[in-house]
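Residue numbers (full-length UniProt numbering): 1 to 112.
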């Protein structure tokens, strides 16, 4: 994926049900892939499915994890603990995947 004229990102989609096991090797794998793809950032994304809203009065319920808002929030939450130098990369990838602009900020820790 091209983010800017001279800046590229490799986005790798991982199945949602494998994400929990995948997080154990995530950091090490990103470092190795960034070495291999020099000059490119590597971002992993969980493949999620959005189900359309149900009709009122329907007896069928679908999981909350399949709603539009939950899927978009999940994409943001996946990359929450990554380091600051990739914030512009995450902004560009999220905008491309979801079609929304977002601002990433680190919380301020107030020590007494």
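By construction, the Cβ of each residue, glycine as well, lies at the ideal position given by its N, Cα and C atoms.
A quick note: this is a predicted structure, and the numbers were derived from the prediction, not measured.
From residue i to residue j, what does the alpha carbon distance come to, in whole angstroms?
i: residue 113; j: residue 34; result: There is no way to answer for residue 113, as the model of the chain reaches only from 1 to 112.
i: residue 92; j: residue 9; result: 9 Å
i: residue 19; j: residue 26; result: 9 Å
i: residue 24; j: residue 6; result: 31 Å
Could you please give me the residues that DSSP links to residue i through a beta bridge?
i: residue 45; result: 13
For residue i versus residue j, is the C-beta spacing smaller than 8 Å?
i: residue 14; j: residue 48; result: no
With burial defined as no fewer than 16 other Cβ atoms inside 10 Å of the residue's Cβ, what is the status of residue i: buried or exposed?
i: residue 37; result: exposed
i: residue 101; result: exposed
i: residue 112; result: The pLDDT assigned to residue 112 is 45, lower than 50, so where the model puts this residue is not dependable, and the model offers no usable value.
i: residue 41; result: buried
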